[in-house]
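Counting with UniProt numbering, you get residues 1 to 349 for the letters of the sequence shown.
Virtual Cβ for every residue (Gly too), placed ideally from N, Cα, C.
None of these values were measured; they are calculated from a predicted model.
Data block below; observations after.
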Amino acid sequence: MGAEAEVYSNAVLYMKVSFIGIVFVFTYIVFESLMRGVGNVKIPVFIVLGTVLLNLFLDPLFIFGYGFVPAFGVAGAAVATIATQGLATIIGISLLISGKYEIKLDLRDLKPDFPLIKKMLRLGFPASIEQSTRALGMTVMVLLVSSFGTGTIATYGIGSRILSFIIIPALGLSIATSTLVGQNIGAGKIDRAEKIVKFSSLIGFGVLTAIGIIIFLFAQHIAGVFIPGELETIQSSALFIRIMALTFGFMGAQMAINGGFRGSGNTTISMVLSLVAMWILRFPLAYILSNHTSLGEIGIWIAHPVSDVVVALVAIVWFAKGTWKNKKLTAEMKLTNEVTQETIIEEGL
């Protein structure tokens with residue numbers, strides 16, 4: 001992507017060290033999902049908050065070194081991250097083994113359950129494709145942006161940071177929706193699950209629209225925080241932010257509905273929506289508008305809100321059709337819920 005030799009070597013080193021901690025990342029995700037499955041979202045949040053605060057202390061320690069701790073440079077940031085991820089994983093596994101939070105992990109029970117593994121792959125594969133598609137799509141967009149020079153790269157970087165902040169509440173709403181929908185479908189309350197998705201999508205649309213309006217009004221001031229003194233980049237970044245801001249509500253609604261799809265076990269729908277958003281709409285539109293019209297890089301900015309609005313409308317229509325109400329999966333979830341309740345009663349929990 002045109003990175004300088006020193007930047008490239010540091011990036012490669014950072015990635016090599018980071019990949020060592022992949023096992024901690026996936027293990028903690030499993031713990032977090034189990035906690036959400038039993039309705040406990042606080043414990044994972046507290047653990048993550050604690051490790052983030054610890055990471056703030058460890059980052060400068062491992063990057064610059066102190067006392068007997070050597071300076072690792074850029075790789076030190078990765079070392080700090082691995083350390084905190086490992087700690088979070090150990091805490092999570094310890095809580096599961098203790099059995100304090102409705103799930104008790106017994107190492108003697110860790111035997112291959114092939115029917116369950118098959119079902120997990122069937123449900124999880126589309127979700128993994130969805131996330132991979134999103135990550136690969138972002139990489140391709142960066143390649144497209146980099147063809148317009150460093151100024152455009154800086155603009156895209158600022159806009160992407162703003163977008164990453166906006167996604168946080170939308171992602172939280174999506175996760176909450178997924179958890180509640182899964183619990184209600186497991187209890188056989190399909191109508192209630194449907195109402196939850198509708199309510200969540202309205203909240204997502206309303207809250208993110210309000211945030212979008214505020215960001216639209218103060219776009220230039222916000223851009224100036226990231227790159228003070230660079231007037232041209234600030235103005236182009238403000239334009240990018242404004243183009244995206246007024247459609248944030250559609251993104252919020254779409255992510256809430258996606259959470260409903262995932263909660264009902266219809267991960268394939270989420271995968272299809274992600275593929276449509278990135279590869280059928282956003283990237284082709286960005287390429288055509290930026291390279292085959294007079295818009296230039298502005299065409300890339302326009303592709304973002306257009307794809308968000310279209311995919312949100314598709315998600316709304318798909319949800320309204322009701323095909324996400326998978327009867328076979330619902331029956332399985334209901335049976336699982338009944339067995340769980342019986343076990344809790346028998347054990348006096």
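Assignment of V69 by DSSP, reduced to helix, strand and coil, places it in the strand class. Around the CB of P228, fewer than 16 other CB atoms lie within 10 Å, so the residue is classed as exposed.
When rounded, the separation of the alpha-carbon atoms in P70 and G92 is 29 Å. Rounded to the nearest whole angstrom, the CA to CA distance from S236 to L246 is 17 Å. Put simply, of Y101, G296 and G21 the residue whose alpha carbon is nearest the alpha carbon of I43 is Y101.
In this structure, DSSP gives A187 a state outside helix and strand, which the three-state scheme calls coil. Its chain contains M255, A256, N258 and G259 as the residues whose beta carbon lies nearer than 7 Å to that of S174, once the 5 sequence neighbours on both sides are disregarded; these appear in chain order. For L96, the uninterrupted alpha helix (DSSP H) segment begins and ends at V74 to S98.
Runs of the alpha helix (DSSP H) lying entirely within the segment 211-282, each at least 4 residues long, are 219-226, 231-245, 248-263 and 267-275 in chain order. Under the DSSP assignment, E32 falls in the alpha helix (DSSP H) whose first and last residues are I22 to G37. Put simply, the segment 190-199 touches the segment 260-279. At least three CB pairs are less than 8 Å apart. For the pair L58 and S18, the Cα-to-Cα distance works out to about 15 Å. With a threshold of 16 other beta carbon atoms within 10 Å, F114 falls short and is exposed. For secondary structure counted as the alpha helix (DSSP H) over 4 or more consecutive residues, the segment 123-195 holds these complete runs in sequence order: 150-186.
Contact between the segment 295-310 and the segment 269-283 is present: three or more C-beta pairs spanning the two stretches fall below 8 Å. Excluding sequence positions up to five before and after T51, its CB lies within less than 8 Å of the CB of T84, Q85, L87 and A88, all in the same chain and listed in chain order.
In the three-state reduction of the DSSP assignment, K325 falls in the coil class, being assigned neither a helical nor a strand state. Contact check for I103 and L96: beta-carbon distance about 6 Å, within the 8 Å limit, so the pair qualifies.
Classified as exposed, S294 has fewer than 16 neighbouring CB atoms from the shown chains inside 10 Å of its CB. Put simply, the backbone Cα of F240 is about 31 Å away from that of A78. For V41, the secondary structure class from DSSP, reduced to helix, strand or coil, is coil. In the three-state DSSP reduction, Y101 falls in the coil class, being neither helix nor strand. Judged by DSSP in its simplified three-state form, L107 adopts helix.
G249 and F205 do touch by the CB rule: their CB atoms are close to 4 Å apart, below 8 Å. Across the set V314, W318 and S290, the C-alpha of S290 shows the shortest separation from the C-alpha of L144. Contact between I158 and F226 holds: their C-beta atoms lie close to 5 Å from each other, under 8 Å.
When DSSP states are grouped into helix, strand and coil, T51 belongs to the helix group. Less than 8 Å separates the beta-carbon of G299 from that of A286. Per DSSP, reduced to three states, the secondary structure at L295 is coil, with no helix or strand assignment. When rounded, the separation of the alpha-carbon atoms in I82 and F64 is 17 Å.
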